[in-house]
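K.L.:
According to this note's numbering, the sequence shown holds residues 11 to 118 in order. Glycine is no exception: its CB is placed at the ideal position from the N, C-alpha and C atoms. Take this structure, written in structure tokens, and hold onto it; I'll ask about it next.
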Amino acid sequence: MGANTVEITDANFEAEVEKSATPVLIDFWAAWCAPCRALAPTVDAIAEEYKGRVKVGKLDVDANQSTATRFNIRGIPTLLVVKDGQVKEQIVGAVDKSVIVKALDKHL
């Protein structure tokens, strides 16, 4: 996990995401998922570039199944942009950084 990313869990989801003053980019991932590992450096780079404007978090779907189920996460990696407690964007798959940036910029 990068220096500017937070670990999001079932236990801290409300505090870290729903009550966040800034938009949150959540990376739903798992250690066994090769596309997730491929996307990780991109997510870390976005966390660095958007520091102070967007909270970037990673949620391990194996360890936090109730949150993954709540958001109907069927395939990983899945990225959600959450603002004011509401899901604004959903991106599925290992996508190019420009796709993520475009989705985030709409909500800043």
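With DSSP as the reference, label Leu69 as helix, strand or coil.
P.N.:
Strand, per DSSP.
K.L.:
Do Ser30 and Lys65 have their beta-carbon atoms positioned less than 8 angstroms apart in this structure?
P.N.:
Yes, Cβ-Cβ distance for Lys65 and Ser30 is below 8 angstroms.
K.L.:
On a CA-only basis, which of Lys116, Thr52, Asn22 and Val27 is nearest Gly103? Give me that one, please.
P.N.:
Comparing Cα-Cα distances from Gly103 to each of Lys116, Thr52, Asn22 and Val27, the minimum goes to Thr52.
K.L.:
I'd like the span of the alpha helix (DSSP H) that includes Leu49, first residue to last.
P.N.:
Taken as a continuous stretch (DSSP letters only), the alpha helix (DSSP H) holding Leu49 covers Ala44 to Glu59.
K.L.:
Mind reading off the beta-carbon distance from Asp37 to Leu69? Whole number of angstroms is fine, and I expect it under 8 angstroms.
P.N.:
Going by Cβ atoms, the distance from Asp37 to Leu69 rounds to 7 angstroms, so yes, they are a contact pair.
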